[in-house]
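Read the structure below first, then the notes.
Residue numbers (this note's numbering): 79 to 183.
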């Protein structure tokens, strides 16, 4: 078994797990909710922080892509794992959401 040490944060919204020494990303949509990492892989698929990963998160990533790009927590949204956040990450998030929605992940 692997042991992972993490910070656990909850501010009235979904519980956020983050590896020690790494702060979870802050609100990107302007709704006051912090994004969530529902599968604990270090990528924050629940972009709008409503506790659910769905197509609305893909829409939120697209709508807020220009504000996510320059952020220090951009790697938390690097869904294509190329080292930066851009439109291709939104596409990768959409593919992941469709895979999860179809029950094939």
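Backbone N, C-alpha and C fix where the C-beta goes; we use that ideal spot for every residue, glycine too.
In this text, all values refer to a predicted model and were calculated from it rather than measured experimentally.
Suppose you measure from the CA of residue i to the CA of residue j; what does that come to, to the nearest Å?
| i | j | result |
| --- | --- | --- |
| residue 160 | residue 141 | 21 Å |
| residue 158 | residue 137 | 17 Å |
| residue 175 | residue 163 | 17 Å |
| residue 170 | residue 110 | 25 Å |
| residue 165 | residue 118 | 23 Å |
Excluding the 5 residues preceding and the 5 following residue i in the sequence, name in chain order all residues of the same chain whose CB lies nearer than 8 Å to its CB.
| i | result |
| --- | --- |
| residue 103 | 112, 113, 122, 149, 151, 154 and 155 |
| residue 178 | 131 |
| residue 124 | 92, 113, 114, 115, 116, 130, 131 and 135 |
| residue 146 | 106, 139, 152, 155 and 163 |
Under the rule that 16 or more other beta-carbon atoms within 10 Å means buried, what is residue i, buried or exposed?
| i | result |
| --- | --- |
| residue 180 | exposed |
| residue 127 | buried |
| residue 80 | Confidence at residue 80 is low in this model, with a pLDDT of 47, below 50, so its placement is unreliable and no value can be given for it. |
| residue 115 | buried |
| residue 167 | buried |
| residue 106 | buried |
Residue range of the alpha helix (DSSP H) that residue i falls in?
| i | result |
| --- | --- |
| residue 175 | 165-179 |
| residue 145 | 143-146 |
Take residue i and list the residues in its own chain whose beta-carbon comes closer than 6 Å to its own, dropping the five residues that flank it on each side.
| i | result |
| --- | --- |
| residue 172 | 136 |
| residue 139 | 125, 168 and 171 |
Just checking residue i against the ligand FMN - is the residue's beta carbon closer than 7 Å to any of the ligand's heavy atoms?
| i | result |
| --- | --- |
| residue 123 | In the structure on display, the ligand FMN does not appear, and there are no ligands present to speak of. |
Apart from the five residues on each side of it in sequence, which residues of its chain come closer than 7 Å, Cβ to Cβ, to residue i?
| i | result |
| --- | --- |
| residue 143 | 165 and 168 |
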